[in-house]
Amino acid sequence: MADRDSLVGPDSSGHGGLESRSLILHLAGVRKSYNLGTPIETEILHGIDLTLARGEFAALIGPSGSGKSTLLHILGLLERPTGGSLEVAGQDIATLDDARLTELRGRTLGFIFQFHHLLPGFSAIENVMMPTLIDRGRVDAEMRARALWLLDRVGLKDAADKRPSALSGGMQQRVAIARSLAMNPPLILADEPTGNLDTHTADDIFALMRDFNKDEGTAFLIVTHDPRLAGRCDRRIEMLDGYAHPAEQLFVLATNN
Ligand SMILES: Nc1ncnc2c1ncn2[C@@H]1O[C@H](COP(=O)(O)OP(=O)(O)O)[C@@H](O)[C@H]1O
Ligand SMILES: [Mg+2]
């Protein structure tokens, strides 16, 4: 990368050219340490090189403690890396202050968690409108129309005015999917989105994410422990001890040894 950059020379658009425009994520040597500069400094991510193209549908797999959630937090712009470079939607995050980072997060990324994290005091449609409300600071008719359309797409139009507590676990996760898509972000980061669901409901939720990927071109990076679901993604990236590998490559390494 460094060689190519020096060949390309200074360029305000970062890596420039077609390649970077088609990438939603570009990581080069991303590191993360906790308790930096203290005696208990621990490096969790040891230099991750990874690209994700717009529209990709990829699984992030790997054993517990391998750094999947840490990586997702960094990709989600909730924490900054302690080394290496990260571009999200062509923006080098090192050049952005915290306010710009928050803006980039709100407009570029959607999040789905294992537990839905819906706000209990608000109805389903209000929860779906929340990201747009935070970005725009006011409710408008277009926001409401998109939220209703999204709830319809996840099969919950009739539940728009219900509170989360009145919905089943699968329905709550459908609302969370609709919410993640409120701002029509080019990338959704999902941390074990089906981890809390029975296999039938998990299949439904997975199918919904796949539909949005196909129909809207939304890229997904999905942390999952479910090999059935990982097998149905276009690509599998495996985390192992703070390094990322193409899963197929690890499989070859394992079977050759
Ligand atoms: N805030 C933190 N401070 C120190 N260590 C952490 C922190 N968050 C996570 N870790 C450590 O980082 C490692 C990777 O954790 P995590 O990213 O949650 O893995 P995974 O999601 O793959 O199970 C674990 O050893 C965990 O204890
Ligand atoms: Mg985790």
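Sequential numbering from 2 applies to the sequence shown in this note's numbering.
Here a beta-carbon is modelled for each residue, glycine too, at the ideal position from N, C-alpha and C.
Do you know offhand how far R139's Cα is from A146's?
-> 14 angstroms
In whole angstroms, what is the alpha-carbon distance linking I126 and I41?
-> 45 angstroms
Opening and closing residue of the alpha helix (DSSP H) in which R55 lies | That residue, R55, is in no alpha helix (DSSP H); it is neither H nor E in DSSP.
Who are the Cβ neighbours of L78 in its own chain at under 6 angstroms, not counting the five residues just before and after it?
-> L102, R106
Contact shell at 5 angstroms, judged by CB to any heavy atom of ligand 4, ordered along the chain = In the structure shown, ligand 4 is absent; the only ligands present are ligand 1 and ligand 2.
Using the beta-carbon count (16 or more within 10 Å), is D216 buried or exposed?
-> exposed
Does the pairing of the segment 86–100 with the segment 60–71 give three or more beta-carbon distances under 8 angstroms?
-> no
Of the residues T200, P132, L119, the one placed nearest K163, counting alpha carbons only | L119
Reduced DSSP category for R233 - H, G, I as helix; E, B as strand; rest coil = coil
Which class does A90 belong to by DSSP, given the choice of helix, strand or coil?
-> coil
By DSSP, does M130 sit in helix, in strand, or in coil?
-> helix
Leaving out the 5 sequence neighbours to the left and right, which residues in its chain are closer than 7 angstroms to Q174 when beta-carbon positions are compared?
-> H117, P194, L198, I206
Residue from I49, T225, V176 with nearest C-alpha to H27 | I49
Would you list the residues sitting across from R32 in a DSSP beta bridge?
-> H47, G84
Use the C-beta contact count for G218: other C-beta atoms within 10 angstroms, 16 or more gives buried, fewer gives exposed.
-> exposed
Roughly how far, in whole angstroms, is the beta-carbon of R32 from the beta-carbon of G85, given that I think they are within contact range, below 8 angstroms?
-> 5 angstroms
Cβ of D111 within 7 angstroms of Cβ of L209?
-> First, the residue type needs correcting, since residue 111 is Gly and not Asp in the sequence shown. No, the pair does not count as a contact, with Cβ atoms beyond the cut-off.
Beta-carbon of M210 versus every beta-carbon of chain C: anything under 7 angstroms?
-> Included in the structure is just one protein chain, with no chain C present.
Considering only residues of the same chain and omitting the five flanking positions on each side of T202, which have a CB-CB separation below 6 angstroms?
-> G171
CB contact flag (A220, L190, <7 angstroms) | no
Candidates H47, G243, L241, D235: which alpha carbon is nearest F58's?
-> D235
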